[in-house]
Amino acid sequence: MKLKKLSLNNFGRFRGEVLKLEDGINVIYGENESGKSTVHTFIRSMLFGMKRGRGRAAGNDVYSRYEPWENASWYQGRMEFTSGGKEFRLTRSFAKGAGEDELVCLTDGEILSLEDGDLSVLLGGISENVYENTVSVGQLKARTGDALAQELRNYMANYQGSNDGSLNVEAALTSLKKKRKELEQEAELQRKAGEEEKSRMYSRLSYLEQDCREAKERLERTMTERKREMFGNEVSPREVRKQQERFLTRRKYGIACAVVAVFLAVLSVMQFFGVSSLFTRLGLGISVLALIFIIYQMFRYTREEDEEIIEPEQQKIRKLNWNVEYLEKETRQKEIQCQNLREEYEEFCASLTIPAEQQENIAAVTLAMETIEKISRQQQSRVGIRLRQSISEILSELTDGKYRQVSMDDDLKIGIHSENYYVPLEKTSRGTMEQVYFALRMAVMEILCSEEEMPVLLDETFAMYDEYRLERALTWLANKKRQVVIFTCQKREEQTLDRLGIPYHKVDLSVDL
């Protein structure tokens, strides 16, 4: 990709300015406050859009800092560039509701879609993080950010030896972790629900067993009471009944004897006194009959009295027998209920485990994560070797062979090696440190931006370089034969390029564009 023309229609301090760029090295010169950083930000905003901050952050975000000084509703720019041998024109309207962005292929007139990712394809699929940490170096930002380390680790994991970094391992692992977490949460919810149901069943079983014990106790008390009523004093019910019958028989016999005795007495009196008249005999007979009737009534009354004595006892015993039958039936029912619930509880407890299918799903996701991480480590090792070699080669050229090898950990912390010793980066001079980070950016750029060669943007990147370091850096850039845009407020870069005989194109922001 090469930038051809930047049209800052209304962006920051610029209104209607057009900047033309060429192949090779471009030097955009301007004094402080002339708009160099504005142009740098314009290029990034055209390529990746401009996101608004939220809340208080919105007051000092990129959108607010570069909002046009006049006619803010017309916040717009245009860029022409080449990619894949074709020319394109990109138009963006940054103000909300100001219109749709447009991407047109000037070579064949085709209208492309930003929403469908056509611009991303032209950029080789690089992210804004990669852009800011490799090809685009802002003021005092030679050091790479943490985002670059993450992007690089992700690329290392994705890399398959054919520059294919399109798969996002971090995203894949994040997705798998999320899936496993969902499965584990689902299993945990089922486990908790099962434990709650187990607790409810146990409570019901305990209550029913207690109720069953109480029913048995009531049955035992009732049976004991019945036994006491029926078998008091260790006498059997049949014996009690016989005693009652003998008592009643003796009473009846006594009454009968009394009647016979009275009758015989009357006969004896009549014979003794020689009563023989019919009238007297008739009266005496009536008297005897009356006496017999009286005795009969006494007998009937006695029998009813006996029945009144016996019947309550019999009713009490009958009631106790009924209670015993009822309690026996109730106890049997409760025992059956207890047994059924106990079996149900035991079966439920035996089944209270994570379903086999769910366990298999969790195990499968875990295995996939472990496999990806294993392959990722292997690929990181291979790409890491390539990256260290590339950094070492670039640094060796920048330092004219003084530092020929670097070491680097997963967080991109670097140490450098000379012929005789190893030096942690933090113990080197500021100039050397800037060279190392520049070499890192360029090496990562060659890896992450290999699909589409992007222009290198350097905003006051060489401010801390001495003349020798500047010469080495500009020579290396010129030898790469790629488009370079240097933003500077000094004449050093121009003078050095002139001295080295390196051709370049100059854009002077100090003059009227």
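Here the sequence shown is numbered in our numbering, starting from 653 and rising by one per residue.
No residue lacks a Cβ here, since even glycine has one placed at the ideal position from N, Cα and C.
On the three-state DSSP scale, how would you describe Leu-758?
-> Three-state result, Leu-758: coil.
Figure out for me which residue from Arg-843, Val-787 and Glu-1103 has the closest Cα to the Cα of Asp-1111.
-> The residue from Arg-843, Val-787 and Glu-1103 with its alpha-carbon nearest to that of Asp-1111 is Val-787.
List the DSSP bridge partners of Ser-851.
-> The partner list for Ser-851 (beta bridge, DSSP) is empty, contrary to what the question assumes.
Where does the unbroken beta strand (DSSP E) through Asn-661 begin, and where does it stop?
-> Where Asn-661 is concerned, the enclosing beta strand (DSSP E) stretches over 654–662.
Can you grab the Cα-Cα spacing for the pair Ser-716 / Glu-1146, in whole Å?
-> Straight-line Cα distance between these residues: approximately 33 Å.
7 Å Cβ shell around Glu-683 - same chain, five flanking residues per side excluded = If we look at Glu-683 and ignore the five residues flanking it on each side, its Cβ neighbours are Cys-1141 and Ser-1162.
Check whether Arg-1038 and Glu-1086 have beta carbons under 9 Å apart = No. Outside cutoff.
Nearest-angstrom Cα separation, counted from Phe-1139 out to Leu-671 = Rounded to the nearest angstrom, the two C-alpha atoms are 13 Å apart.
Could you check the C-alpha separation between Leu-742 and Glu-1119 for me, to the nearest Å?
-> Distance between the alpha carbons of Leu-742 and Glu-1119 is about 38 Å.
Taking the alpha-carbon positions, what's the Asn-712 to Phe-733 distance?
-> If I take the Cα positions, the gap works out to 30 Å.
Can you tell me whether DSSP reads Asn-885 as helix, strand or coil?
-> Model confidence at Asn-885 stands at a pLDDT of 42, short of 50, so the residue's coordinates are unreliable; what they give is reported in the following sentence. Helix.
From what residue to what residue does the beta strand (DSSP E) around Gln-1057 run?
-> Counting along the chain, the beta strand (DSSP E) containing Gln-1057 begins and ends at 1057–1060.
Give a yes or no on contact between the segment 664–680 and the segment 1146–1158, applying the rule of three or more CB pairs nearer than 8 Å.
-> Yes, the segment 664–680 is in contact with the segment 1146–1158.
Ordered along the chain, which non-local residues of its own chain (more than five positions away) have a Cβ less than 8 Å from that of Ala-1020?
-> Closer than 8 Å at the Cβ level, and outside the excluded window around Ala-1020, lie Leu-828.
Pairwise C-alpha distance: Lys-981 and Leu-993 = Roughly 18 Å between the two C-alpha positions.
From this set, Glu-739, Gly-1067, Gln-862 and Leu-1100, which residue's C-alpha is nearest Val-1035's C-alpha?
-> Out of Glu-739, Gly-1067, Gln-862 and Leu-1100, Leu-1100 has the C-alpha closest to the C-alpha of Val-1035.
Residue from Pro-720, Phe-700, Lys-831 and Leu-1092 with nearest C-alpha to Ile-1046 | A check of alpha carbon separations from Ile-1046 across Pro-720, Phe-700, Lys-831 and Leu-1092 identifies Leu-1092 as the nearest.
Take Arg-665 and list the residues in its own chain whose beta-carbon comes closer than 7 Å to its own, dropping the five residues that flank it on each side.
-> So the qualifying residues of the chain are Gly-687, Thr-690 and Trp-721.
N-terminal and C-terminal residue of the alpha helix (DSSP H) that Lys-688 is part of = Run containing Lys-688: 688–700, per the alpha helix (DSSP H) assignment.
Consult DSSP for Tyr-715 and reduce its assignment to one of helix, strand or coil.
-> Three-state result, Tyr-715: helix.
Note down the Cα distance separating Gln-728 from Phe-746, rounded to an integer number of angstroms.
-> Those two C-alpha atoms are separated by around 6 Å.
Grab the span of the beta strand (DSSP E) containing Ser-745 for me, first residue to last.
-> Ser-745 -> beta strand (DSSP E) spans 738–745.
Buried/exposed call for Arg-744, threshold 16 Cβ in 10 Å | Classification for Arg-744: buried.
What's the gap between the Cα of Glu-1071 and the Cα of Thr-1023?
-> Across the structure, Glu-1071 and Thr-1023 are spaced so that their CA atoms are roughly 40 Å apart.
Please work out which residues of its chain come closer than 6 Å, Cβ to Cβ, to Leu-655, disregarding the five sequence neighbours upstream and downstream, and give them in chain order.
-> Excluding positions up to five away in sequence, the list reads Leu-673, Phe-733 and Pro-1107.
Boundaries of the beta strand (DSSP E) in which Gly-1083 is found, first to last residue = First-last for Gly-1083: 1082–1100, but that is the alpha helix (DSSP H), not the beta strand (DSSP E).
Start and end residues, beta strand (DSSP E) containing Tyr-1156 | Looking at the DSSP string, the run of the beta strand (DSSP E) that includes Tyr-1156 is 1156–1160.
Buried versus exposed, by CB contacts within 10 Å (16 or more), Cys-1001 | Looking at its Cβ environment, which holds fewer than 16 other Cβ atoms inside 10 Å, Cys-1001 is exposed.
Quick one: what does DSSP say Asn-684 is sitting in, helix, strand or coil?
-> Three-state DSSP puts Asn-684 in coil, outside helix and strand.
Which listed residue (Asn-662, Ile-680, Leu-658 and Arg-667) has its alpha carbon closest to that of Val-1136 = Comparing Cα positions, the closest option is Ile-680.
How is the beta strand (DSSP E) around Asp-1111 delimited, first residue to last?
-> Taken as a continuous stretch (DSSP letters only), the beta strand (DSSP E) holding Asp-1111 covers 1108–1111.
Val-670 - containing beta strand (DSSP E), residue span | Here the beta strand (DSSP E) through Val-670 covers 669–672.
Three-state class that DSSP yields for Gly-1067 in the structure shown | If DSSP states are grouped into helix, strand and coil, Gly-1067 belongs with the strands.
Alpha helix (DSSP H) containing Ser-1003: first to last residue?
-> Ser-1003 -> no alpha helix (DSSP H), and no H or E assigned at all.
Is Glu-996 near Met-853, with beta carbons less than 9 Å apart?
-> Yes, these two residues count as a Cβ contact at 9 Å.
Kindly provide the ranges of any alpha helix (DSSP H) runs that are 4 or more residues long and lie completely inside the segment 758–789, ordered along the chain.
-> Segments of the alpha helix (DSSP H) lying fully in the segment 758–789: 770–774 and 780–785.
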